[in-house]
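*Asks:* Below is a structure I'd like to ask you about.
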Amino acid sequence: MEFVRENPRNIEEYADILVDEYKGEVINIYKKSIMLRASSSVAIVKGIETKDSGY
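Be aware that the sequence shown starts at -13, since it is given in the working numbering, and climbs by one per residue.
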């Protein structure tokens, strides 16, 4: 669990093993992982828009 707490992007690999004992925490880590991925996607899109728009 400690590894997943520090590396929330890896939750999908370990959720099945951890969910019975840490259900609430697994759900929260999934949420954190989703937010991290969304944030990265927004940054990538903004970078593309900036390059394409000439700013």
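All residues carry an ideal CB built from backbone N, CA and C; glycine is no exception.
Keep in mind the model is a prediction, meaning the values are calculated, not measured.
The alpha helix (DSSP H) that contains Arg(-9), what's its start and end?
*Replies:* That run of the alpha helix (DSSP H) goes -12 to -8.
*Asks:* Is the segment -8 to 10 close to the segment 19 to 27, with three or more CB pairs under 8 Å?
*Replies:* Yes, the segment -8 to 10 is in contact with the segment 19 to 27.
*Asks:* Would you kindly work out how many angstroms separate the C-alpha atoms of Tyr41 and Tyr8, rounded to a whole number?
*Replies:* Caution applies to Tyr41, whose pLDDT of 46 falls short of 50 and renders its modelled position unreliable; the model cannot decide the point.
*Asks:* Measure the C-alpha to C-alpha separation of Leu4 and Val12 and round it to an integer number of angstroms.
*Replies:* Cα to Cα, Leu4 sits roughly 7 Å from Val12.
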